[in-house]
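Down below is the structure, laid out as structure tokens.
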Amino acid sequence: NAGVTQTPKFQVLKTGQSMTLQCAQDMNHNSMYWYRQDPGMGLRLIYYSASEGTTDKGEVPNGYNVSRLNKREFSLRLESAAPSQTSVYFCASSSGPGYQETQYFGPGTRLLVL
Amino acid sequence: AQKITQTQPGMFVQEKEAVTLDCTYDTSDPSYGLFWYKQPSSGEMIFLIYQGSYDQQNATEGRYSLNFQKARKSANLVISASQLGDSAMYFCAMRGTNTGNQFYFGTGTSLTVIP
């Protein structure tokens with residue numbers, strides 16, 4: 046039982062390059078989330094998927110796209126990376142969207158855009 | 028709109044002492060949940076404790092307890108008998124009925140436990 050896994054752990058991109066961050070959970074959770082963490086700003090929600098087949102924008106969606114591939118997997122794509130997207134990216138999941146549902150996080154992906 | 032405020036960027040505590048990390052929140056949601064997470068230097072986010080807005084008792088999990096004062100909109104984390112391994116960033120977060128899919132995080136408090 047691995048919980049939430051993310052790949053890659055670390056990535057360096059050049060401005061304009063594209064990449065996809067992968068996330069998978071084995072807890073049979075319905076809801077999945079992508080966050081970015083920047084120094085001094087806490088975690089900010091990029092996109093979320095309340096259930097399989099749905100996705101919605103969070104607080105900072107510009108420059109990103111997501112795909113909920115199936116119940117287990119939720120990917121985040123940067124089509125044309127910019128230095129402002131240098132950050133640590135966390136994927137999370139919860140059993141549902143209720144206010145009492147805890148979110149469980151993956152180990153994070155450190156992305157550097159040059 | 029939801030807002031979480033953590034006003035202590037850094038805290039120090041002597042090993043074996045108790046420490047309180049402050050968190051205040053603002054919400055118009057009738058029901059909401061408050062969460063605390065720990066982020067050690069290795070980077071992962073570890074769930075510590077949860078408090079529901081209608082819970083009558085303060086939540087406790089081992090050495091962690093949540094001092095919930097609803098009228099003051101505060102949800103402070105108390106760590107008893109601090110250990111060196113408690114040195115980490117601590118984040119307060121909130122989730123509400125009307126914004127259930129959005130977790131709102133504070134900016135965190137860095138805790139250093141001194142031997």
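Those sequence lines, one after another, are chains A and X. Just so you know, we're using our numbering here: the first sequence kicks off at 46 and counts up by one. Just so you know, we're using our numbering here: the second sequence kicks off at 28 and counts up by one. Each residue gets a CB set at the ideal place from its N, CA and C atoms; glycine is no exception.
What is the DSSP secondary structure of Gly-37(X), counted as helix, strand or coil?
For the purposes of this step, residue 37(X) is identified with residue 10 of the second sequence, where counting begins at 1. Note: Gly-37(X) maps to strand in three-state DSSP.
How about Gln-129(X) and Leu-90(A): are their beta carbons less than 8 angstroms apart?
Stepping through the second sequence from its first residue, residue 129(X) is reached at position 102. Stepping through the first sequence from its first residue, residue 90(A) is reached at position 45. Yes, these two residues count as a Cβ contact at 8 angstroms.
Are the Cβ atoms of Gly-123(X) and Gln-33(X) separated by less than 8 angstroms?
As a position in the second sequence, residue 123(X) is number 96, starting the count at 1. As a position in the second sequence, residue 33(X) is number 6, starting the count at 1. No, the pair does not count as a contact, with Cβ atoms beyond the cut-off.
8 angstroms CB neighbourhood of Thr-139(X) in its chain, flanking five on each side removed
Here the question's residue 139(X) lines up with position 112 in the second sequence. The residues are Gly-37, Met-38, Phe-39, Val-40 and Ser-114.
Excluding the 5 residues flanking Gln-62(A) on each side, which residues of the same chain have their C-beta closer than 7 angstroms to its C-beta?
Locating residue 62(A) in the first sequence gives position 17, counting from the first residue. Cβ within range, chain order: Ala-126.
Is the CB of Glu-71(X) under 8 angstroms away from at least one CB in chain A?
Numbered from its first residue, the second sequence carries residue 71(X) at position 44. Yes, Glu-71(X) counts as interfacial toward chain A.
For Ala-108(X), which option in Lys-65(X), Pro-142(X), Asp-49(X) and Phe-118(X) has the closest C-alpha, if you only look at C-alpha atoms?
Residue 108(X) sits at position 81 when you count from the first residue of the second sequence. The shortest C-alpha separation from Ala-108(X) is found at Pro-142(X).
Taking the beta strand (DSSP E) that Arg-113(A) falls in, what are its first and last residues?
Locating residue 113(A) in the first sequence gives position 68, where the first residue counts as 1. Residues 109 to 113.
Run down chain X in chain order and give the residues with a C-beta less than 7 angstroms from the C-beta of Phe-135(A).
As a first step, residue 135(A) must be located in the first sequence, where it is residue number 90. Those within 7 angstroms of Phe-135(A) in chain X are Met-72.
With 16 other CB atoms within 10 Å as the buried threshold, where does Leu-157(A) fall?
In the first sequence, counting from the first residue as 1, residue 157(A) sits at position 112. The residue in question, Leu-157(A), is exposed, as its Cβ has fewer than 16 Cβ neighbours within 10 Å.
State the CB to CB distance for the pair Thr-60(A) and Leu-159(A), rounded to an integer number of angstroms; the pair is presumed to be in contact (CB under 8 angstroms).
Residue 60(A) sits at position 15 when you count from the first residue of the first sequence. Residue 159(A) sits at position 114 when you count from the first residue of the first sequence. With a Cβ gap of about 7 angstroms, Thr-60(A) and Leu-159(A) count as contacting.
Let me make sure I understand the geometry here. Which of Ser-101(X), Lys-43(X) and Ser-55(X) has the alpha-carbon closest to that of Phe-62(X)?
Position 35 of the second sequence, counted from the start, is the residue given in the question as residue 62(X). The option with the nearest alpha carbon to Phe-62(X) is Ser-101(X).
Beta strand (DSSP E) containing Asp-49(X): first to last residue?
To locate residue 49(X), count along the second sequence from 1; it is residue 22. Per DSSP, Asp-49(X) belongs to no beta strand (DSSP E) and is neither H nor E.
In this structure, how does DSSP classify Gly-141(A) when only helix, strand and coil are distinguished?
By 1-based counting over the first sequence, the position of residue 141(A) is 96. In the structure shown, Gly-141(A) sits in coil (DSSP, three-state: anything other than H, G, I, E or B).
Against Gly-60(X), what residues of chain A qualify as contacts under a CB-to-CB distance less than 7 angstroms, listed in chain order?
Here residue 60(X) refers to the residue found at position 33 when the second sequence is read from its first residue. Chain A residues near Gly-60(X): Tyr-144 and Gln-145.
C-alpha distance - Asn-73(A) paired with Arg-113(A), whole-angstrom precision
On the first sequence, position 28 is the one that residue 73(A) refers to. On the first sequence, position 68 is the one that residue 113(A) refers to. Those two C-alpha atoms are separated by around 14 angstroms.
Where does Ala-86(X) land, buried or exposed, given buried means 16+ other C-beta within 10 angstroms?
For the purposes of this step, residue 86(X) is identified with residue 59 of the second sequence, where counting begins at 1. When all chains shown are included, Ala-86(X) counts as buried.
Between Gly-129(X) and chain A, is the shortest Cβ-Cβ distance under 8 angstroms, so that the two count as touching?
The residue you call residue 129(X) lines up with position 102 of the second sequence. As written in the sequence, residue 129(X) is Gln, which differs from the Gly given in the question. Yes, contact with chain A.
So Phe-135(A) and Leu-88(A) are supposed to be a Cβ contact under 8 angstroms. How far apart are they, rounded?
For the purposes of this step, residue 135(A) is identified with residue 90 of the first sequence, where counting begins at 1. For the purposes of this step, residue 88(A) is identified with residue 43 of the first sequence, where counting begins at 1. Confirmed, about 7 angstroms.
Let me see if you follow: with CB-CB separation under 8 angstroms, is Tyr-149(A) close to chain X or not?
Counted from its first residue, the first sequence places residue 149(A) at position 104. Chain X, which has a Cβ nearer than 8 angstroms to the Cβ of Tyr-149(A), makes this yes.
Where the region 53 to 71 of chain A meets chain X: residues whose CB sits under 7 angstroms from a CB there
none
Tell me whether Gly-112(X) sits in a helix, a strand or coil according to DSSP, three-state version.
Position 85 of the second sequence, counted from the start, is the residue given in the question as residue 112(X). Helix.
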